[in-house]
Amino acid sequence: MDVLQRMGPRVAPRTAVAPLELCALATTENAAMLRRRFRGWVGALTDTDTADDLALAVYEALANVVDHAYVGRGTPGLMTLWAVVSCPLLTGRDLVVTVLDEGAWRPSNGPGWRGRGLPLMRELMHSTAVLADEGGTTVQLRRRIAPASATSPVEAGRAAAMA
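Per UniProt numbering, the sequence shown starts with residue 1, numbered consecutively.
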């Protein structure tokens, strides 16, 4: 018997949400555009306040790419935003957002109005990780998100069945 047949169906469940993958040159305008696209995607999954918080955390990661990753090169490189969400769980969905660049990591170099992006991301997300090496920087953001107040018929049926 084929291993995949033993594992179950090969089609995504109806509650699955397609991942979001966006790539653009690391400019301020493109960071804002990626934030808007992410906000539209995540807005269908959770309440307005949570979606706004998530979009702010993601924008901070994108802004760090714009401000820091390619400074030594003189021209912007690429930034990639990848977001995926689990199928519904009892307490919501698990959201994982990854922001990638191919530039150089530069820690904050002093006090003032700079250096608040990572603390803000850590406050808005349940988990924030930064992995930097010579190939670039990866920022991974994770958060359990509650469903939007208007649940889908599938999720409403499951909640009623569990009650």
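Here a beta-carbon is modelled for each residue, glycine too, at the ideal position from N, C-alpha and C.
Segment contact flag, the segment 39-50 with the segment 65-74, C-beta cutoff 8 Å, min 3 pairs: Between the segment 39-50 and the segment 65-74 there are fewer than three inter-stretch CB-CB distances shorter than 8 Å, so the stretches are not counted as touching.
Proximity below 8 Å, CB of Trp105 to CB of Pro19: In this structure, Trp105 keeps its C-beta atom at 8 Å or more from the C-beta atom of Pro19.
Proximity of Leu78 and Arg35 at Cβ, strictly below 8 Å: No; because the gap between Cβ atoms is not below 8 Å, this pair is not in contact.
Residue range of the unbroken alpha helix (DSSP H) whose run includes Gly40: Start and end: Thr28 to Gly43.
Three-state class that DSSP yields for Asp94 in the structure shown: Strand at Asp94.
Which residues DSSP lists as bridging Met79, in chain order: Ala24 and Asp101, per the DSSP bridge assignment.
Any C-beta of chain C under 8 Å from that of Leu120: Looking for chain C here will not work: only one protein chain is present.
Between the CA atoms of Gly43 and Ala51 - distance to the nearest angstrom: Approximately 5 Å, taken between the alpha carbons.
Reduced DSSP category for Gly72 - H, G, I as helix; E, B as strand; rest coil: Of the three classes helix, strand and coil, the one that applies to Gly72 here is coil, per DSSP.
Of the residues Phe38, Ala57, Ala148 and Asn30, the one placed nearest Gln140, counting alpha carbons only: Taking each of Phe38, Ala57, Ala148 and Asn30 in turn and checking the Cα distance to Gln140, the smallest one comes out for Ala57.
Same chain only: Cβ atoms within 6 Å of Asp101, ignoring 5 sequence neighbours per side: Answer for Asp101: Val65, Ala69, Met79, Gly136 and Thr137, listed in chain order.
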